[in-house]
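Enquirer:
There are 2 protein chains.
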Amino acid sequence: MSDDRRLDVLRAIVEDYVATQEPVGSRSLLERHQLGVSPATIRGDMAILEDEGYIIAPHTSAGRIPTDKGYRMFVDRLAKVKPLSGAERRAIETFLGGAVDVEDVVQRSVKVLAQLTRQVAIVQYPSLTRSSVRHIEVVPLESARVLLVVITSSGRVEQRIVELTETPDEKLVLDLRSRIVGATVGERLPEASLKLADMIETFAPEHRPVVTSIVTTLTQTFSNERSDERIAIGGTANLARFGADFDRSIKPVLEALEEQVVLLKLLGEATTGMSVSIGRETGYEGLATTSVVATPYGSDEQALATLGTVGPTRIDYPSTMASVAAVSRYVGGILTERWTPDP
Amino acid sequence: MSDDRRLDVLRAIVEDYVATQEPVGSRSLLERHQLGVSPATIRGDMAILEDEGYIIAPHTSAGRIPTDKGYRMFVDRLAKVKPLSGAERRAIETFLGGAVDVEDVVQRSVKVLAQLTRQVAIVQYPSLTRSSVRHIEVVPLESARVLLVVITSSGRVEQRIVELTETPDEKLVLDLRSRIVGATVGERLPEASLKLADMIETFAPEHRPVVTSIVTTLTQTFSNERSDERIAIGGTANLARFGADFDRSIKPVLEALEEQVVLLKLLGEATTGMSVSIGRETGYEGLATTSVVATPYGSDEQALATLGTVGPTRIDYPSTMASVAAVSRYVGGILTERWTPDP
DNA sequence: GACTGGCACCTGAGAACGACGAGTGCCGAA
DNA sequence: TTCGGCACTCGTCGTTCTCAGGTGCCAGTC
Chain C
40 MSDDRRLDVL
50 RAIVEDYVAT
60 QEPVGSRSLL
70 ERHQLGVSPA
80 TIRGDMAILE
90 DEGYIIAPHT
100 SAGRIPTDKG
110 YRMFVDRLAK
120 VKPLSGAERR
130 AIETFLGGAV
140 DVEDVVQRSV
150 KVLAQLTRQV
160 AIVQYPSLTR
170 SSVRHIEVVP
180 LESARVLLVV
190 ITSSGRVEQR
200 IVELTETPDE
210 KLVLDLRSRI
220 VGATVGERLP
230 EASLKLADMI
240 ETFAPEHRPV
250 VTSIVTTLTQ
260 TFSNERSDER
270 IAIGGTANLA
280 RFGADFDRSI
290 KPVLEALEEQ
300 VVLLKLLGEA
310 TTGMSVSIGR
320 ETGYEGLATT
330 SVVATPYGSD
340 EQALATLGTV
350 GPTRIDYPST
360 MASVAAVSRY
370 VGGILTERWT
380 PDP
Chain V
40 MSDDRRLDVL
50 RAIVEDYVAT
60 QEPVGSRSLL
70 ERHQLGVSPA
80 TIRGDMAILE
90 DEGYIIAPHT
100 SAGRIPTDKG
110 YRMFVDRLAK
120 VKPLSGAERR
130 AIETFLGGAV
140 DVEDVVQRSV
150 KVLAQLTRQV
160 AIVQYPSLTR
170 SSVRHIEVVP
180 LESARVLLVV
190 ITSSGRVEQR
200 IVELTETPDE
210 KLVLDLRSRI
220 VGATVGERLP
230 EASLKLADMI
240 ETFAPEHRPV
250 VTSIVTTLTQ
260 TFSNERSDER
270 IAIGGTANLA
280 RFGADFDRSI
290 KPVLEALEEQ
300 VVLLKLLGEA
310 TTGMSVSIGR
320 ETGYEGLATT
330 SVVATPYGSD
340 EQALATLGTV
350 GPTRIDYPST
360 MASVAAVSRY
370 VGGILTERWT
380 PDP
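Protein sequence lines correspond, in order, to chains C and V. For the first sequence, position 57 matches number 96 in the numbering used here, and the numbering has no gaps at all. For the second sequence, position 198 matches number 237 in the numbering used here, and the numbering has no gaps at all.
1. Pick helix, strand or coil for V:GLY337, following the three-state DSSP scheme.
2. What residues match up with C:PRO348 in a beta bridge as DSSP calls it?
3. Can you tell me where the alpha helix (DSSP H) holding C:ALA126 begins and where it ends?
4. Helix, strand or coil: how does DSSP classify V:HIS72 here?
5. Flag this pair as touching only if the region 143-157 of chain V and the region 67-79 of chain V have three or more C-beta atom pairs under 8 Å; answer yes or no.
6. With a threshold of 16 other CB atoms inside 10 Å of the CB of V:ARG157, please say whether the residue is buried or exposed.
7. Helix, strand or coil for V:LEU152? Go by DSSP, reduced to three states.
8. Tell me where the alpha helix (DSSP H) around C:GLY109 begins and ends.
9. How would you list, in chain order, the residues of chain C whose beta-carbon sits under 8 Å from the beta-carbon of V:THR275?
10. C:PRO122: which of C:THR375, C:MET360 and C:LEU374 sits nearest, CA to CA?
11. For C:ILE253, decide whether its Cβ has a neighbour in chain V, counting only Cβ atoms nearer than 8 Å.
12. Please confirm whether C:TYR336 and C:LEU326 have their CB atoms less than 8 Å apart.
13. List the residues of chain V whose Cβ lies closer than 8 Å to the Cβ of C:ALA344, in chain order.
14. Using a Cβ cut-off of 8 Å (strictly closer), state whether C:GLU61 contacts chain V.
15. Quick check on C:GLU70 - is its C-beta less than 8 Å from some C-beta in chain V?
16. Which two residues bound the contiguous alpha helix (DSSP H) that contains V:ALA271?
17. Verify the CB distance criterion: does C:HIS98 have a CB-CB separation below 8 Å to chain V?
18. What are the boundary residues of the alpha helix (DSSP H) that includes V:PRO179?
19. So, is the C-beta of V:ILE190 closer than 8 Å to a C-beta in chain C?
20. Between V:GLU176 and chain C, is any beta-carbon pair separated by less than 8 Å?
21. Restricting to runs no shorter than 3 residues, where is the beta strand (DSSP E) found entirely within the region 179-231 of chain C?
22. For a contact defined as C-beta to C-beta under 7 Å, what are the partners of C:VAL149 on chain V?
23. Contact criterion: CB-CB distance below 8 Å. Does C:LEU155 meet it with respect to chain V?
24. Closest Cβ-Cβ distance between C:GLN158 and chain V: below 8 Å?
25. Return the first residue and the last residue of the beta strand (DSSP E) that C:SER314 is part of.
26. Cβ of V:VAL196 less than 8 Å from any chain C Cβ?
27. Are any of the Cβ atoms in chain C nearer than 8 Å to that of V:LEU186?
28. Looking only at C-alpha atoms, which of V:LEU303, V:ALA295, V:GLY307 and V:GLN341 sits nearest to V:TYR323?
29. So for C:GLY342, helix, strand or coil by DSSP?
30. Residues in the same chain with beta-carbon distance under 7 Å from V:ARG111, minus the five sequence neighbours each way, listed in chain order, please.
31. Have a look at C:ARG247, C:LEU257, C:PRO357 and C:ILE272 and flag the residue whose alpha-carbon is nearest the alpha-carbon of C:MET313.
32. Once the 5 residues before and after C:GLY102 are set aside, which same chain residues still bring their CB inside 6 Å of it?
33. Using only the alpha-carbon positions, how far apart do C:VAL224 and V:GLN299 sit?
34. Quick one: which chain C residues come within Cβ less than 9 Å of V:ALA452?
35. From the DSSP output, read off the bridge partner residues of V:ARG103.
36. Which bits of chain C does V:LYS290 rub up against, with CB to CB less than 7 Å?
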């Protein structure tokens, strides 16, 4: 008995099950794959694969379906790369190319990814903390209010209105503005916070309250966790493909999708590269029958955030991974090229 | 036969059906309502109500369920106002009160409305075109780029980056900025656009290209339809209550929810006040078994946008309408009080 | 020793069926 | 007009039966 053939059988089972959504038996397997042996031999291989936990029979007299472990093996060792078609590439490129701002890029990414994979797509907004300061503006408003605008290297704009105890002197504001800009532009957000903290002491004591107030707000904005938590979701109608049993297989997924914390953790696992979490590997009971494919996007040096898909475990992993990778690449390209200072 | 009693019967049928989700027969109706007559009499009334199209029997020997027309009658003439409990009011108030910016207000509104009604909640972001200019900032960036920031009376901040053909003179930018601010602050967005157009000619011809470029971008931002289209959705897990048949009753709803155009049209019908669309009244086949309850929010004088719920036709209309109205009131209050210039 | 064909066995899906019960429509009487 | 009574209708539920697809095992073959 050859180990190789047993793995071929596993691959064939995964492929067939993904295609048909039905347990695959030894006979029907041979109808779709030329393995050069008889059904009985396949049955032997299947029995061993079942012993090893790669596949399982839903009941005595049905075919086999892959287990989480089986999919894992398939993804890690058996899947062949399935490149996107030229049409798909062009579709991504032209659709994302039409975006007018960061918000738009994210919305379009979600849409295109959901359509490509026919799954639920999730895209995290570009992280604030992982980007650097492009510009900061300090604008006095009416009363004793000041508007702060922070523009980051990823093109995001955050604004805050600060209520001061007194209307600040115009010269002070101008001075403060230029010093803030000088200290922070080009810095990563955490570093910028440090620089700002140091800066406070360089001001005359009578100006400290105003300066402190403004700097504090900026620092909060830099480390604003809520901003990092924003996520766009699309393609929820594709949940239809998850299964017919709403309460058991779809409702928990919808609940998980509404729970940003869960999504962020799932996406967070993909900081270093393409990540595939299969079934219970996701760590959430509600997602026990779903897989999450995620990958970071951004420039080569710096990831901005993460995007991916949520689908039933029985998905076409090679295609899904190819789509996620492609969208990630284009989004990263657009965000870094388009909204980056020209040379 | 009294007309009054027949309407009482219709009301009882709607209330019972909403409560039990099951067709209601003449006998079980009397178990829950004291109508002072016998089942046979009720049957007579039911027969007439069925002739008139207010109720229908799913099959010969089942009870009756209300038709869209029956719900319509119920909402228009039979429903008694069902005020929110004090606890519910306080929950809305405290939860929405914790919001830190407009984005946050909208997110929290969706959440609280979905929880209160146990339906899908949709909240349109405050409209740009319906609000006025609070402040505009013009910030030169590196190269020949300029950042424009627009703050509206509803607290929204829009930003655009303009690519100019040449780096503008610093004095010109300052002049332009103060003139833009002078011309637009306090104006409604459409009027602000007009004022800006007039302003172009007051600049020296050599400055026209820069000015025109910037003003054009601002005008586009003012009339940006895409901004008006943003909608937050929540409580999709409540779709579970819509019915067990996913493909027929839930998938089309999910699809409609992803189609912003549909949602906007539904919300748009509520410009003048509380609007209830029942079943096919929504005008979308996919929403044939759902009802949309929507109402505008904003100040007394000026609606900012619309919010509401999407649920199966068999919902508790009085409670739903009360919840939608309450959330609308609080959201409107917060947005107009909190982010409006102090006196 | 690995593979194959044959065979007995298992089991879920689906059709057929009957009993049951909730509900109706109608009629004659109060 | 209302009411009680009665015959009738149909969908639901549980039971039974058949069927098809699938397995495991074993003896035989290359």
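For each residue, glycine too, the CB sits at the ideal point set by N, CA and C. Note that this is a predicted model, so its numbers are computed, not measured.
Expert: The structure says:
1. strand
2. Going by the sequence as given, residue 348 of chain C is Thr instead of Pro. Partner(s): C:ALA160 and C:VAL332.
3. 125-136
4. coil
5. no
6. buried
7. helix
8. 107-112
9. THR275, LEU293, LEU296 and GLU297
10. C:MET360
11. no
12. no
13. Chain V residues near C:ALA344: none, gap ~17 Å exceeds 8 Å.
14. no
15. no
16. Taken as a continuous stretch (DSSP letters only), V:ALA271 belongs to no alpha helix (DSSP H), being part of the beta strand (DSSP E) at 270-273.
17. no
18. Here V:PRO179 belongs to no alpha helix (DSSP H); instead the beta strand (DSSP E) covers 172-179.
19. yes
20. yes
21. 184-191 and 196-202
22. What C:VAL149 touches in chain V: nothing, since even the nearest Cβ is about 10 Å away.
23. no
24. no
25. 314-317
26. yes
27. yes
28. V:ALA295
29. Here residue 342 of chain C is Ala; the residue named in the question, Gly, does not match the sequence. DSSP places C:ALA342 in strand when its eight states are reduced to three.
30. ILE317
31. C:PRO357
32. PRO62, VAL63 and GLY64
33. 38 Å
34. This structure gives no information on residue 452 of chain V, because the portion of chain V shown stretches from 40 to 382.
35. V:VAL63
36. ALA276 and ALA279
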